[in-house]
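A quick write-up on the structure given underneath.
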Amino acid sequence: MSAKRKKILFINFGGLGDEILFLPSIISVKKEFPDSEITLALEPRSKGIASLTDIIDKTIFADIKGRGKYIELLKLLFKIWFKHYDIVVSSGGNKFISLFLFMTFIPKRFGYNTGKLSEFLLTKAVPLNKNQYAVNMYHDLVRPFTDNNTALPQLKIERKEVTPNTVLIHPGVSQMSIKKGMIKTVSAEVWAETAEKLADRGKKVILAGGPDDREIIDKITQKVPSEKIINMYGKTKNLKELAELISGAEKFLCSDSAPLHIGVSLGVKTFVIFGSTDDKKLIPNNGQVVPIKAQNCNCPICPCLWDHRQTTCESLDCLKISADEIVEKIV
752 MSAKRKKILF INFGGLGDEI LFLPSIISVK KEFPDSEITL ALEPRSKGIA SLTDIIDKTI
812 FADIKGRGKY IELLKLLFKI WFKHYDIVVS SGGNKFISLF LFMTFIPKRF GYNTGKLSEF
872 LLTKAVPLNK NQYAVNMYHD LVRPFTDNNT ALPQLKIERK EVTPNTVLIH PGVSQMSIKK
932 GMIKTVSAEV WAETAEKLAD RGKKVILAGG PDDREIIDKI TQKVPSEKII NMYGKTKNLK
992 ELAELISGAE KFLCSDSAPL HIGVSLGVKT FVIFGSTDDK KLIPNNGQVV PIKAQNCNCP
1052 ICPCLWDHRQ TTCESLDCLK ISADEIVEKI V
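Now the structure itself:
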């Protein structure tokens, strides 16, 4: 492929965390075609990604989690047809994706190999290897046409000066995961005890969260004396301001959620509660990110979410993590 100006479409449906993990693939392609125009098609719930990067020129949305999934996809096709893209790159392991990409009439089409049909309809059907860090899994999609390798997400924000001895805590997970029965973090009681013990160990504890986190934040603040924490809930007006807050922390403690990937992108020493999800697929093995997991989980298929179950079980042995165990990892 020549280095002439190209219009490149990326399609990645998922939560905000998925969009952050997908960023390195876009960055590598932008390095290959520096004059290209980059468009990202995504779900409306993840629109905040545009505030964290300047690599995306345009966004288009399709609400595929709603009832009108196929109508949304048809509307997306109409939008694509009139833009005359040169290249399309799409994530996702659904067999329908290769047919959708073929129907875009975009000359160069890259997606995962989902069988013979994808091999016939795509310019390159890329093997899907889920047993690796998700950044690398997504990056496999662009390896056929670029040798650039962006190992971690990179965000474009105004970084704050790091305040020594701070631990920023973001305890929440998305409401969508809760509604789907995916319990991915410890209880509010454990979070409260952790915050108080960190404060007692001399740490400056800051509490943060977004609209989805109101319930857990309220429970924590009801249990922890106000003089032991700085409550920043509601004081970050958007995702960019949350990212800036994270950038100023010496250490960051969070659940398996989108803020985790913000911490990774910013190079902040990050500690993450992991239960039913696989830390090896969600964080880099670079020593900068520390998974905190149950020491004596009796579940024979842990981590089970996605590979074995679509929702978490009732026993939640994988989340039997004490406040003392969390604190000892951090201090």
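Numbering (the working numbering), first residue to last: 752 to 1082.
Ideal Cβ placement from N, Cα and C applies to all residues, glycine included.
A contact between stretches requires three or more CB pairs, one per stretch, nearer than 8 Å, and the stretch 1029-1049 fails this requirement with the stretch 950-959. For a cut-off of 8 Å, the C-beta gap from LYS931 to GLY1026 is around 15 Å, too long to register as a contact. For ASN887, the enclosing alpha helix (DSSP H) has its first and last residue at 885-890. Taking the Cβ atoms as the reference, LEU906 lies roughly 7 Å from ILE1013, within the contact range of under 8 Å.
When DSSP reads this structure, LEU793 sits in a beta bridge with PHE812. Per DSSP, reduced to three states, the secondary structure at GLY799 is helical. Remark: three or more beta-carbon pairs, one from each stretch, lie closer than 8 Å, so the stretch 997-1015 and the stretch 910-926 are flagged as touching. Proximity of the stretch 875-885 to the stretch 787-806 falls short of the contact definition, fewer than three beta-carbon pairs being nearer than 8 Å. Contact fails between the stretch 937-951 and the stretch 983-996, because fewer than three Cβ pairs, one in each stretch, are under 8 Å apart. Taking a contact as a CB-CB distance under 8 Å, the pair VAL918 and ILE1081 counts as one, their CB atoms being some 6 Å apart. Look at the beta carbons and you see the stretch 955-973 not touching the stretch 1038-1058: under three pairs across the two are nearer than 8 Å.
For the pair GLY766 and LYS816, the Cα-to-Cα distance works out to about 11 Å.
Here LYS986 is not near ALA943, since their CB atoms are 8 Å or more apart. Between ALA939 and ILE971, the gap from beta carbon to beta carbon is short of 8 Å. Annotation: PRO785 to LYS809 spans about 15 Å, alpha carbon to alpha carbon. Taking 8 Å as the cut-off, the beta carbon of ASN880 is found closer than this to the beta carbon of ASP891. CA-to-CA, the gap between ILE771 and ILE778 works out to about 11 Å. The beta-carbon distance between THR855 and VAL839, rounded to whole angstroms, is 6 Å. This is short enough to meet the 8 Å contact definition. Separation of the CB atoms of ILE811 and LEU827 is rounded to 7 Å, and the pair is thereby assigned contact status at 8 Å. According to DSSP, SER1006 shares a beta bridge with ILE1024. Looking from the CA of LYS757, the closest CA among ASP837, ILE1052 and LYS979 belongs to ASP837.
C-alpha of TYR884 to C-alpha of LYS1031: approximately 6 Å in a straight line. In the DSSP secondary-structure assignment, LEU919 is bridged to ILE957 and PHE1003. Here the alpha carbon of GLY843 sits roughly 22 Å from the alpha carbon of THR804. Using a 10 angstroms sphere on the CB of ASN763, the tally of other CB atoms reaches 16 or more, which defines it as buried.
Partner residues in the beta bridge of SER841, as assigned by DSSP, are ILE762.
The beta carbon of GLY866 sits closer than 8 Å to the beta carbons of LYS846 from its chain, once the five residues preceding and following it are set aside; these are given in chain order. Taken through DSSP and simplified to helix, strand or coil, ARG1060 comes out as strand.
Taking the C-beta atoms as reference points, ILE759 is found no nearer than 8 Å to SER802.
When ALA1074, ASN864, SER928 and LEU774 are compared, the shortest CA-CA separation from THR1028 is found for SER928. A distance of 8 Å or more separates the beta carbons of VAL886 and ILE1072. Take PRO915, set aside five residues on each side of it, and the residues of its chain with a beta-carbon closer than 7 Å to its own are GLU1001, in chain order.
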